[in-house]
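Enquirer: Can you keep this structure in mind? I'll have questions shortly.
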Amino acid sequence: MAGVAPRLLILEDDDSIRAALRLALQDEGYEVTDCASAEEALELLRSRPPDLMLVDLMLGGMDGYTFIRTVRPASDAPIIVLSARNDTHDIVAALEAGADDYVTKPYEVKEITARMRALRRRGSRLSTSTSAGDRVVLDREQGPLTLDIRAGRVARGDENVHLTVTEFRLLCELASPPGRVLSRAALLETVWDRGFFGDERIVDVHVRRLRTKVEEDPGRPRLIVTVRGLGYRLDVR
Amino acid sequence: MSIAGHPRLTRRLGLRATVTMSFAAGALVLTAVLSIGTYLVARDYLVEQREQAAIGQGFADASYVRDGLLTAGKPVSEVLGEVSPPADTVVFVHRDDEWFSSSLTLGSDAVPADLREQVSRGTAGLAWARSSGIPTVVVGVPVPAAAAEFYEVASTDELERTLDTLATVLTGFAVLTAVAGALLGRWASRRVLAPLDVVAGAAARIAGGDLDIRLPVTEDPELVTIIGSFNAMVDALHERIERDARFTADVSHELRSPLTTLMTSVEVMQRRRGELPERSRQALDLVAGELERFHTVLEDLLELGRLDAGTGAQTRARVDADELVRHALAMSGRTPELLSHEGSRLAVDVDVDKQQLNRALVNLFDNADLHGSGLVAVSVRSGNRTVSIDVDDAGPGVGSAERARIFERFVRGGSRGSRPGAGLGLSLVTETVRGHGGTVICTDSPYGGARFTVRLPLAEAHLPAAIS
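Chains as they are written, first to last, in the numbering used here: chain H, 6 to 242; chain P, 1187 to 1654.
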């Protein structure tokens, strides 16, 4: 990712925090655009879509959750949520709305940049056992459902399945190779670079989101299977 | 003075026993009074009846004897023979200092001296006496016409036996009634105390944290008041706790926002240290250090507040205790060689909130560094249904008098001066561990200093780990 500075959108209504973050992240090499309201941000997204977004949940006017939900259909960019609380509801709700990760106040810039770095990795940390070529058939009965790692897309027949960057990386991780049980801790490590103390809910919500997009019946998953007490497994059909 | 008012007795006996005993005592007293009254009345009546009968018989026989004595030429013994008293009665005639008796066995000493005296002076009389162990009633009638005295001695053995039987029956009755009273008392106390038990049970559950309990509304006028007050109290308590939790949440947000700006800005400045003159750099370091300290204290305080209010949201996951400790050491920049595992090498799983436990362990490590001259060893021991994590230092140790105190809030070892931290670390450990159903204690370490042992329950073997 050398050369072009990644474009970062900061959506935070506290002026001081916004100013401080802008300074700090510009130092880290990002091209920062900051907005104080979701409406302003949506305007901006139309003209200059960012590569990454930092979104505060507590906003005046339209709140963070609604913003994320509105933005998601149009953008795959990683969204990191800035949250004041560690409460279950807030975090899970944000993740389900479409966020990729979260940091809680007061944030250390180091942590924010680490999260952003992890989410922007494309394919470098994927398992090397892609021996079956770069096109994997996941489900013969759905189209078929294919995963093209190098091209970075998932298709059902000819139709593109719209996944966020993180959802895609999660699917790749599970599919390289399929049939292995991967623990939440392991997935947190490879996809989110989160380590032992990472919040396992991040994985759970992302699997749920993935299922709604690739499963025939998300309520009864047959592709991405939960292995009780151990983790998740991708079963090719 | 009732038993209920007697402090020492009630303290030893308790309310239930007191009520039971009061009922028993009351029943006993009542029946005793009744029985004794009945006995006395019956006895007086029967005795009087007997006396009347004796007197009647006595006078009748005396009259017969007088006629016989006045008959010229009849010897006294013949007269006595003709009287033919009933089997249990003996008649005597005293004339001219001679005693004549109708019985071969009973002598004149059967007649009490007082009665003899009285009759000899011319007045008839009755006396109760005892002859050879047999109770008797003696009637004496003067017979002045024959210059003689007539005495009739009748056995009242049957009367006495009747009275004895009556006494026995009444006593037995009294005892039975007392026992019945006791049983009644037991039943009554149980009925009366049952609502108390319900209240006590509800109070216990509330103290344990379940604030949704309310007592069922009742129509019993005696209980309406206490149940109403109890429920109102729990409502108030619940509301207070929720208010406190909301306050904590609001405060946390308010404090964290400026802190975020401060910390971020300091990071920006740190990047540009090179551009700053020496004194500014020193000032910046001071600011950075104090901010960090402020951050730690704030987080500890807020975490404690959350744990107190019971709103500390826990996301439990199953982890191997060994791994947890190893990561805690690594994350806090300590060498994993400090860790040793005793006992079986099987994985010991615990269901914990990883971040909370991590914080607790790091607090113990920091404490060992700060007050114990450095962390020396950490070991994990699996026990019967529990796992123990020992954190050892080789410092001065903690005196037994201090061991309870150090876990309190804002208690700091040593002088205030250079020690960072506000004394919340160990109380956080206590609250966190307790919230997981475990314990933490301080003892002597085999390395010479203090040993802090965290004991946690093992994960249930048959339950699956984190459910998706």
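Every residue, glycine too, gets a C-beta built ideally from N, C-alpha and C. Since the structure is predicted, the reported quantities are computational estimates derived from the model, not experimental observations.
Does the contact criterion of 3 or more C-beta pairs under 8 Å hold for the segment 59-75 of chain H versus the segment 1481-1493 of chain P?
Expert: No, because fewer than three Cβ pairs between the segment 59-75 of chain H and the segment 1481-1493 of chain P fall closer than 8 Å, the two stretches do not touch.
Enquirer: Considering only their Cβ atoms, is the gap separating P:V1597 from P:R1591 smaller than 7 Å?
Expert: Cβ atoms of P:R1591 and P:V1597: closer than 7 Å.
Enquirer: Within 7 Å (strictly less), CB to CB, does P:R1457 reach chain H?
Expert: Judged by the 7 Å Cβ criterion, P:R1457 is in contact with chain H.
Enquirer: So that I know if they touch, is there some Cβ in chain P lying closer than 7 Å to that of H:P223?
Expert: So, not an interface residue.
Enquirer: Just how far apart, CA to CA, sit H:A156 and H:T118?
Expert: Computed Cα separation, rounded: 26 Å.
Enquirer: Excluding the 5 residues flanking P:W1285 on each side, which residues of the same chain have their C-beta closer than 7 Å to its C-beta?
Expert: Excluding sequence neighbours, P:W1285 sits near F1278, S1294.
Enquirer: Would P:A1651 pass as an interface residue toward chain H - the criterion being a Cβ-Cβ separation below 7 Å?
Expert: Note on P:A1651: pLDDT 46, under 50, position unreliable in the model; no value is reported.
Enquirer: Rounded to the nearest angstrom, what separates P:A1299 and P:R1372 at their Cα positions?
Expert: Straight-line Cα distance between these residues: approximately 58 Å.
Enquirer: Grab the span of the beta strand (DSSP E) containing P:R1307 for me, first residue to last.
Expert: Counting along the chain, P:R1307 falls outside any beta strand (DSSP E), and DSSP gives it neither H nor E.
Enquirer: Within a Cβ cutoff of 6 Å, which residues of the same chain sit near H:G148, ignoring the five residues on either side of it in sequence?
Expert: R161, G162, listed in sequence order.
Enquirer: Could you tell me the distance, in whole angstroms, from the CA atom of P:G1253 to the CA atom of P:H1280?
Expert: The residue asked about is misnamed: residue 1253 of chain P is Asp in this sequence, not Gly. C-alpha separation (whole angstroms): 15 Å.
Enquirer: Between the C-alpha atoms of P:V1297 and P:R1347, what's the straight-line distance to the nearest angstrom?
Expert: Taking the straight line from one Cα to the other gives about 22 Å.
Enquirer: What is the C-beta distance between H:L124 and H:D106, in whole angstroms, given that I count them as a contact (C-beta under 8 Å)?
Expert: About 6 Å; that satisfies the 8 Å criterion.
Enquirer: What are the boundary residues of the beta strand (DSSP E) that P:S1568 is part of?
Expert: Note, P:S1568: beta strand (DSSP E), 1561-1568.
Enquirer: Quickly, what does DSSP pair H:V40 with across the bridge? List them, please.
Expert: What sits at residue 40 of chain H in the sequence shown is Cys, not Val. Answer by DSSP bridge pairing, in chain order: H:L16.
Enquirer: Determine the extent of the alpha helix (DSSP H) in which H:T118 is found, giving its start and end residues.
Expert: Taken as a continuous stretch (DSSP letters only), the alpha helix (DSSP H) holding H:T118 covers 114-125.
Enquirer: Whose C-beta lies closer than 6 Å to the C-beta of P:S1375 among residues of the same chain, with five residues either side of it excluded?
Expert: Excluding sequence neighbours, P:S1375 sits near R1202, V1205, T1206.
Enquirer: Going by C-alpha distance, which of P:E1264, P:T1629, P:T1501, P:E1594 is nearest P:T1616?
Expert: Out of P:E1264, P:T1629, P:T1501, P:E1594, P:E1594 has the C-alpha closest to the C-alpha of P:T1616.
Enquirer: Below 7 Å between beta carbons: does that hold for H:Y35 and H:L13?
Expert: A contact, by the Cβ cut-off of 7 Å.
Enquirer: Should P:M1207 be flagged as near chain H, meaning a C-beta pair shorter than 7 Å?
Expert: No, P:M1207 does not count as interfacial toward chain H.
Enquirer: If the cut is a Cβ gap below 7 Å, which residues of chain H does P:V1437 touch?
Expert: Those within 7 Å of P:V1437 in chain H number zero; the least Cβ separation is about 11 Å.
Enquirer: Take the Cβ of P:T1521 as the centre, count every other Cβ of all protein chains shown within 10 Å, and call the residue buried at 16 or more, exposed below.
Expert: Exposed: under 16 other Cβ atoms inside 10 Å.
Enquirer: Helix, strand or coil, according to DSSP, for P:Y1337 in the structure here?
Expert: Note: P:Y1337 maps to strand in three-state DSSP.
Enquirer: Is it buried or exposed for P:F1433, if we count other Cβ within 10 angstroms and need 16 for buried?
Expert: Flag for P:F1433 reads exposed.
Enquirer: In three-state terms, what does DSSP make of P:I1189?
Expert: Confidence at P:I1189 is low in this model, with a pLDDT of 49, below 50, so the placement of that residue is unreliable and no value is reported for it.
Enquirer: Please report the residue range of the alpha helix (DSSP H) in which P:M1517 lies.
Expert: Counting along the chain, the alpha helix (DSSP H) containing P:M1517 begins and ends at 1507-1517.
Enquirer: Is the shortest distance between the beta-carbon of H:I154 and the beta-carbons of chain P less than 7 Å?
Expert: False, the Cβ-Cβ gap to chain P never drops below 7 Å.
Enquirer: To be precise: take each residue of the segment 20-35 of chain H, compare its Cβ to all Cβ atoms of chain P, and keep it if any distance is under 7 Å. Which residues remain?
Expert: So the close ones are S21, I22, A25, L26, L28, A29, D32.
Enquirer: Helix, strand or coil: how does DSSP classify P:T1447 here?
Expert: The answer is helix: DSSP assigns P:T1447 an H, G or I state.
Enquirer: Between which two residues does the alpha helix (DSSP H) carrying H:D106 extend?
Expert: Counting along the chain, H:D106 falls outside any alpha helix (DSSP H), though it belongs to the beta strand (DSSP E) covering 106-109.
Enquirer: By how many angstroms is the C-alpha of P:G1200 removed from the C-alpha of P:E1344?
Expert: Straight-line Cα distance between these residues: approximately 49 Å.
Enquirer: Since P:A1332 and P:L1266 are thought to touch, with beta carbons under 8 Å apart, how far apart are those beta carbons, to the nearest angstrom?
Expert: That pair is no contact at about 13 Å.
Enquirer: Going along chain P, which residues have a C-beta under 7 Å from H:E113?
Expert: The answer, in chain order, is M1449.
Enquirer: According to DSSP, is H:P182 part of a helix, a strand, or is it coil?
Expert: In this structure, H:P182 counts as coil in the three-state DSSP scheme.
Enquirer: Does the separation of the CB atoms of P:H1622 and P:L1644 fall below 7 Å?
Expert: Taking 7 Å as the Cβ cut-off, P:H1622 and P:L1644 do not qualify as a contacting pair.
Enquirer: Would P:L1543 pass as an interface residue toward chain H - the criterion being a Cβ-Cβ separation below 7 Å?
Expert: No, P:L1543 does not count as interfacial toward chain H.
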